[in-house]
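J.: First the structure, which I've put down as structure tokens, then a few questions once you've had a look.
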Amino acid sequence: MIKVICVGKLKEKALLNISEDYIQRIQPYHKLTVVELTDEPNFESASLNQKAIDKESKAILSVLQAEDVVILLDLKGQALSSENLAQTIQNAFNRSAKQIVFIIGGSLGVSDELRFRANLIWKLSDNTFPHGLVRILVLEQIYRSFKILNNQTYHK
Numbered sequence: 002m003i004k005v006i007c008v009g010k011l012k013e014k015a016l017l018n019i020s021e022d023y024i025q026r027i028q029p030y031h032k033l034t035v036v037e038l039t040d041e042p043n044f045e046s047a048s049l050n051q052k053a054i055d056k057e058s059k060a061i062l063s064v065l066q067a068e069d070v071v072i073l074l075d076l077k078g079q080a081l082s083s084e085n086l087a088q089t090i091q092n093a094f095n096r097s098a099k100q101i102v103f104i105i106g107g108s109l110g111v112s113d114e115l116r117f118r119a120n121l122i123w124k125l126s127d128n129t130f131p132h133g134l135v136r137i138l139v140l141e142q143i144y145r146s147f148k149i150l151n152n153q154t155y156h157k
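Heads up, the sequence shown is in the working numbering, so the first residue is 2 and it goes up one at a time.
Shown next as structure tokens:
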């Protein structure tokens, strides 16, 4: 199973439709679920922001299983080509992973504890994107990975 954990809810109807479309495209290859967790407000105070980061990260950690393969999206991560991501997914399943979990943290980032828990920290881009668009990009890359792994023509 593949799970995508997102801090914050997708509110824009257009993005919801695109998200649902990719989820449906992925289903023939593998079961995928999206879990939305509550996002904390941003504060002027660094200490309050750190508390928000810790709270969001604890919520994420609470839904992870010990055996999950965790791929955390973070600007400080490593860039992966579509082919490398496909191979990462394949390798995880080859090692009998029951679940691969992609994590899209909150706007303030994630705790060091959550970074430490991740099996891989993935930088989607050097650019910054809105959270809703990141979710779409992650779902698209998961879909593309399955197309690559099945030698189908979507990926060029």
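Ideal placement from N, C-alpha and C gives every residue a C-beta, glycine not left out.
#1: In the DSSP output, what is K4 paired with across the bridge?
#2: Once DSSP output is grouped into helix, strand and coil, what is the label at D75?
#3: Rounding to the nearest angstrom, what Cα-Cα distance links E21 and L74 in this structure?
#4: Note the first and the last residue of the continuous beta strand (DSSP E) segment covering L121.
#5: Looking at the structure shown, is A47 part of a helix, part of a strand, or coil, going by DSSP?
#6: E114 lies in the alpha helix (DSSP H); which residues open and close that run?
T.: So, from the listed chains and residues:
#1: According to DSSP, K4 bridges with T34, V102.
#2: Here D75 sits in strand by DSSP.
#3: 20 Å
#4: Judged by DSSP secondary structure, L121 falls within the beta strand (DSSP E) whose first and last residues are 121-124.
#5: helix
#6: Counting along the chain, the unbroken alpha helix (DSSP H) around E114 starts and ends at 113-118.
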